[in-house]
Amino acid sequence: QVPMCWIRPLEVGQSHVLGEEVTVTLLDSNHCPGSVMFLFEGVFGTILYTGDFRYTSTMQGEPALRGRHIDRLYLAHCHPHRPLPSRQHATRQAAHLIRTHPRHQVVIGVYSLGKETLLVDLAVEFSTWVVVSPWRLEQMRLLELPDVFTTEEGAGWIRAVDVAEIRSDTLVSWNMLHPTIAILPTGRPVKVTHPNIHPIPYSDHSSFLELCEFVKWLKPCSVIPIVKGDICQAYFQKYLSSAPHAFPDLKIPKPVQESVQPQSRRKGQEPVRLLKRAAWHSVPRGVVYESPDKYTEKSEELVGVKVLQQNYCKSALYSKEGSTCHTAKEEGKEELSGEQPGAASTVHQALLPDEHFPSGLAEQYLLTPLKVLKQYSSQEFDKLVEDVFRRGKAS
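Going left to right, the sequence shown walks through residues 3 to 397 as the working numbering numbers them.
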């Protein structure tokens with residue numbers, strides 16, 4: 003969970019200034035209750051992040067979007083082979099299905115949030131209560147929905163249950179008590195496990211045709227997929243604006259400038275992070291064919307073994323002489339103060355050749371072929387690791 007100190011409530015439809023450089027506007031995304039799109043404006047240009055949303059032509063009347071130049075549009079669920087009807091059309095499909103089963107009770111599978119409009123429309127269409135659980139009834143009241151929901155069993159012949167309850171075994175149980183059909187309102191392909199389970203393509207996501215209409219109207223400079231693996235730019239290339247990205251020269255905010263200046267004063271010194279990266283790339287790579295068994299005979303010969311110890315010393319280097327431990331944080335302090343670091347930390351300050359970075363015990367063990375490791379006792383290796391950690395604690 004996000005700590006409450008970082009949460010700020012923002013009104014939908016109003017522009018909010020963050021710091022001195024960024025303005026953000028929340029727009030109703032027509033998805034589930036409370037879902038919004040984010041419109042960011044600043045020195046980086048104008049970015050619209052849709053998230054999950056269901057496009058309607060009424061969005062073209064949104065003042066924050068009308069006539070707006072969008073540099074980057076972040077779009078979700080760009081699937082050209084998934085046609086979806088409008089939610090109104092899907093609601094009519096559900097109503098038609100219910101009419102063809104006049105003697106059946108109806109169970110509708112929904113998630114914890116979403117599809118509330120479908121439930122209200124069906125309740126009004128058939129003049130019946132929708133039976134829900136107590137916690138869902140409280141949620142409907144918080145959302146200030148029409149008073150068509152109840153927790154009283156038998157008060158209505160339409161029930162809303164969790165989507166996970168729509169299964170073959172539950173349908174069998176319900177039909178033993180009373181003829182029952184189940185409706186799954188979803189735009190996703192589902193596997194039907196009972197003849198009385200009926201998927202209805204009611205979706206809170208935009209269809210591909212709706213996305214095309216949205217991009218064609220908005221005319222962004224580029225489209226970036228939100229979902230990994232999606233391809234957006236190629237699908238909407240013909241709808242993109244030919245105008246160049248309206249990105250002015252990027253200005254570094256004052257807090258960032260203040261944090262950058264001390265680093266620029268370190269003449270002749272590289273940042274600690276870059277030094278650590280250089281040291282990491284200097285570690286020998288490749289398969290080590292030497293057996294770890296030779297280390298079990300003379301464990302005291304291990305000098306400069308790199309051990310990952312989360313609780314004692316992160317990214318540390320242990321040495322036999324004095325068993326000293328220098329963390330990256332301590333090294334950073336030494337560099338900033340201009341003091342000369344100790345002998346053990348000089349390994350990080352110079353780009354030494356590969357031979358100065360001995361392979362760690364764990365690295366050699368993991369890179370040794372399995373058929374070689376099988377020849378030696380695992381207890382011997384475990385004992386050696388314990389000895390190394392014991393020396394670390396003693397230091």
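Just so you know, even glycine gets a beta-carbon here, dropped at the ideal spot from N, CA and C.
If you're wondering where the values come from, they're calculated on a predicted model, not measured in any experiment.
By the Cβ test, the segment 214–221 is in contact with the segment 50–66, since at least three Cβ pairs between them sit closer than 8 angstroms. In the three-state DSSP reduction, glutamate 43 falls in the strand class (E or B). For aspartate 123, the enclosing alpha helix (DSSP H) begins and ends at 118–128. Only residues of its own chain outside the window of five on either side were considered, and among them Leu86, Pro87, Ala92, Gly189 have a CB closer than 7 angstroms to the CB of proline 203, listed in chain order.
For histidine 18, the enclosing beta strand (DSSP E) stretches over residues 17–20. Annotated three-state conformation of threonine 153 is coil, per DSSP. Counting along the chain, the unbroken beta strand (DSSP E) around proline 227 starts and ends at 224–227. Beyond the five residues adjoining it in sequence on each side, valine 134 comes within less than 6 angstroms, by CB distance, of Phe151, Ala162 in the same chain, given in chain order. By a beta-carbon distance limit of 8 angstroms, alanine 97 contacts glutamate 127. Their separation comes to about 5 angstroms. For secondary structure counted as the alpha helix (DSSP H) over 4 or more consecutive residues, the segment 156–200 holds these complete runs in sequence order: 170–179. Here DSSP, grouped into helix, strand and coil, assigns leucine 147 to coil.
DSSP places valine 26 outside any alpha helix (DSSP H); the residue lies instead in the beta strand (DSSP E), whose first and last residues are 24–30.
In this structure the segment 43–59 does not touch the segment 185–199; the number of beta carbon pairs closer than 8 angstroms is below three.
Per DSSP, leucine 75 is one residue of the beta strand (DSSP E) stretching across 74–77. When the beta-carbon positions are compared, leucine 242 and cysteine 223 come within less than 9 angstroms of each other.
DSSP, read as helix, strand or coil, puts glycine 69 in coil. Valine 14 is classed as exposed because its beta carbon has fewer than 16 other beta carbons within 10 Å across all chains shown. Nearest C-alpha to asparagine 177 among Leu139, Val108, Leu67: Val108. Per DSSP, the beta-bridge partners of glutamine 107 are Thr182. For glutamate 64, there is no enclosing alpha helix (DSSP H), as DSSP marks it with neither H nor E. DSSP places arginine 84 outside any alpha helix (DSSP H), giving it a letter other than H or E. Secondary structure note for phenylalanine 238: it is in no alpha helix (DSSP H), with a DSSP letter that is neither H nor E. In this structure, tryptophan 131 lies away from isoleucine 100, with their beta-carbon atoms at least 9 angstroms apart. Taking isoleucine 233 as reference, the option from Arg74, His79, Glu212 with the minimal CA-CA separation is His79. If you compare the alpha carbons of Asp171, Leu179, Gln141, Val165 with that of glycine 156, the shortest gap goes to Leu179. Sequence-distant partners of phenylalanine 238 (beyond 5 residues in either direction) whose C-beta falls short of 6 angstroms from its own C-beta, in its chain, are Val217, Val225. About 7 angstroms separates the Cβ atoms of isoleucine 110 and proline 187, confirming a contact at the 8 angstroms cut-off. Taking leucine 41 as reference, the option from Leu67, Asn32, Leu139 with the minimal CA-CA separation is Leu67. For valine 26, the closest C-alpha among the options Gln16, Arg138, His207 is that of Gln16. As DSSP reads the structure, threonine 48 sits in a beta bridge with Glu43.
In summary, valine 112 is buried, with 16 or more beta-carbon neighbours lying within 10 Å of its beta-carbon over all protein chains present. Arginine 89 places its beta carbon less than 9 angstroms from that of arginine 56. DSSP, read as helix, strand or coil, puts isoleucine 100 in helix.
In the three-state reduction of the DSSP assignment, valine 134 falls in the coil class, being assigned neither a helical nor a strand state.
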